[in-house]
DNA sequence: CGTAATCTACCTATCAGTAGATAGATAAAT
DNA sequence: ATTTATCTATCTACTGATAGGTAGATTACG
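Protein chains in written order, with the working numbering: chain A, 3 to 189; chain B, 3 to 189.
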């Protein structure tokens, strides 16, 4: 009996994130999580009453961590290429060596059939990352003769390229593909 | 008793495609398909012995239809912007007004947990579309002073941008987003 | 031609396994 | 003594899959 609350809850979140990124939301069960962590499925319900609750919390944690790694846009890189490089680097390390999808990318792909609060959290990832990009880019020389709309479109297209790149890298079993895509980001 | 083989099989494929695009592979069951088509689940097994078999056939059909719509690259548009426009248009109509994902996009996102033959078919979509793009672009003025590698990278990044754009359009419930992304394709 | 055999396209019924979820017991920590 | 963290046990619903049956259409044959 380990009887270590924080540890178990964290382990469940970790494993849930990893399994959702691998198999999608519908490809993960309470029993998978329980057996992976070494408890019974009822104990998973103890921490996360419903699957929706678990999914939303995993997504929120992922997004918080992602934005934390990006840092404060007011205190970040000041050239467009460095900003893009930072975002790109985060996606590359998220994909990892074993081709893990972006959690919110796979949730977004499945979103039409997911519980409301999970979709809300997935949406929030894109809102927040795209806001980080927009704010960061706005401070650069590159943005001087560009409209707010152009900057937002650039942020969104960078995100789209990276998410799509992950998908293709994954199905091709070729994590290096995402690296290949980097030159397409800087312009 | 309708007793109309071709019709039933086609209806199953149509519905399976639509449901997978909405909910993902793991979000579709034989019973969903059966009740939607108006038969029993055992009849779905009659046409498609296993779910893997069904998934692979749905993916193959989708890819064939997609490439057919793209047409013969030897007999298609000869400018880079028209080529890009054609591909973009197909993705826009695939997304539709109700935000349906690209079938092979969602399968690729889930691919780590899917049966082998389904993954093979999903991969084939990207191989074939990217080959269409590469062949098409190679015939253009734009390609004159570019290497094979550069052209392939361009094809892949266009595909990535469109797949990622669909994902984001979908989670934002904003099909117009994909249209916004078009200028980012032409360069 | 007529009829027997086979095939097609479904059906009912059922299986073992798994899904998410809940109730209630228990032991340890506070 | 209460709260916390787990367990056992169980529920109903659903999963993919299979066995075996049947009405009607098609084909083979004498």
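A virtual CB, placed ideally from N, CA and C, is assigned to each residue, including glycine.
Applying a beta-carbon distance threshold of less than 8 Å, which residues of chain B neighbour residue i?
i, result
"residue 183 of chain A", "155, 158, 159 and 162"
"residue 87 of chain A", "Near residue 87 of chain A there are no residues of chain B at all, since even the closest Cβ is about 16 Å away, more than 8 Å."
"residue 28 of chain A", "25, 26, 28 and 29"
"residue 121 of chain A", "173"
With H, G and I counted as helix, E and B as strand and the rest as coil, what does DSSP make of residue i?
i, result
"residue 140 of chain B", "helix"
"residue 2 of chain A", "In the structure as shown, chain A begins at 3 and stops at 189. Residue 2 of chain A is therefore absent and cannot be evaluated."
"residue 148 of chain A", "coil"
"residue 65 of chain A", "helix"
"residue 174 of chain B", "coil"
"residue 104 of chain A", "coil"
"residue 43 of chain A", "helix"
"residue 83 of chain B", "helix"
"residue 52 of chain A", "coil"
"residue 57 of chain B", "helix"
"residue 121 of chain A", "helix"
"residue 187 of chain B", "coil"
"residue 74 of chain B", "coil"
"residue 98 of chain A", "coil"
Quick check on the burial criterion: 16 or more other C-beta atoms within 10 angstroms. Buried or exposed for residue i?
i, result
"residue 160 of chain B", "buried"
"residue 187 of chain B", "buried"
"residue 42 of chain A", "exposed"
"residue 25 of chain A", "buried"
"residue 86 of chain A", "buried"
"residue 150 of chain B", "exposed"
"residue 28 of chain A", "buried"
"residue 113 of chain A", "buried"
"residue 91 of chain A", "exposed"
"residue 146 of chain B", "exposed"
"residue 174 of chain B", "buried"
"residue 184 of chain B", "buried"
"residue 4 of chain B", "Residue placement at residue 4 of chain B is flagged as unreliable, the pLDDT there being 47, under the threshold of 50; the coordinate-derived value follows with that caveat. Its Cβ having fewer than 16 others within 10 Å, residue 4 of chain B is exposed."
"residue 178 of chain A", "exposed"
"residue 76 of chain B", "exposed"
"residue 164 of chain B", "buried"
List, in order along the chain, the chain A residues whose C-beta lies closer than 8 Å to that of residue i?
i, result
"residue 170 of chain B", "110, 128, 158, 161, 162 and 165"
"residue 113 of chain B", "172 and 173"
"residue 124 of chain B", "173"
Based on Cα-Cα distance, which residue from the options lies nearest to residue i?
i, options, result
"residue 39 of chain B", "B/59, B/10 and B/51", "B/10"
"residue 111 of chain A", "A/85, A/100, A/166 and A/138", "A/166"
"residue 153 of chain A", "B/129, B/182 and B/176", "B/182"
"residue 168 of chain B", "B/132, B/65, B/99 and B/124", "B/99"
"residue 131 of chain B", "B/89, B/96, B/44 and B/84", "B/89"
"residue 93 of chain A", "A/172, A/55 and A/12", "A/172"
"residue 54 of chain A", "A/37, A/77 and A/15", "A/15"
"residue 277 of chain A", "A/57, A/35, A/142 and A/67", "Absent from the structure is residue 277 of chain A, since the part of chain A shown begins at 3 and ends at 189."
"residue 74 of chain A", "A/146, A/126, A/164 and A/141", "A/141"
"residue 67 of chain A", "A/148, A/95, A/155 and A/144", "A/95"
"residue 144 of chain A", "A/79, A/13 and A/122", "A/79"
"residue 12 of chain B", "B/129, B/50, B/121 and B/164", "B/50"
"residue 48 of chain B", "B/129, B/32 and B/148", "B/32"
"residue 122 of chain A", "A/102, A/62 and A/17", "A/62"
"residue 129 of chain A", "B/176, B/37 and B/155", "B/176"
Residue i touches chain B at which residues, Cβ-Cβ below 9 Å?
i, result
"residue 44 of chain A", "Neighbours of residue 44 of chain A on chain B: none; closest Cβ ~23 Å, over 9 Å."
Quick one: does the C-beta of residue i sit closer than 7 Å to a heavy atom of the ligand FAD?
i, result
"residue 10 of chain A", "As for the ligand FAD, it is missing from this structure, which has no ligand bound."
Taking 8 Å as the cut-off, decide whether the C-beta atoms of residue i and residue j are in contact.
i, j, result
"residue 136 of chain A", "residue 162 of chain A", "no"
"residue 124 of chain B", "residue 106 of chain B", "yes"
"residue 82 of chain A", "residue 139 of chain A", "yes"
"residue 22 of chain A", "residue 108 of chain A", "yes"
"residue 19 of chain A", "residue 60 of chain A", "yes"
"residue 211 of chain A", "residue 134 of chain A", "Residue 211 of chain A lies beyond the residue range present for chain A, which begins at 3 and ends at 189; the question has no answer from this structure."
"residue 191 of chain B", "residue 65 of chain B", "The question about residue 191 of chain B has no answer, for chain B in this structure spans 3 to 189."
"residue 97 of chain B", "residue 180 of chain B", "yes"
Name the chain B residues whose beta carbon is nearer than 7 Å to that of residue i?
i, result
"residue 24 of chain A", "114 and 115"
"residue 103 of chain A", "111"
Just the chain A side, please: which residues come within less than 7 Å of residue i by C-beta, in chain order?
i, result
"residue 131 of chain B", "None at all; the shortest Cβ gap to chain A is about 10 Å."
"residue 76 of chain B", "Chain A residues near residue 76 of chain B: none, gap ~25 Å exceeds 7 Å."
"residue 107 of chain B", "111 and 169"
Whose Cβ in chain A lies nearer than 9 Å to the Cβ of residue i?
i, result
"residue 12 of chain B", "Chain A residues near residue 12 of chain B: none, gap ~23 Å exceeds 9 Å."
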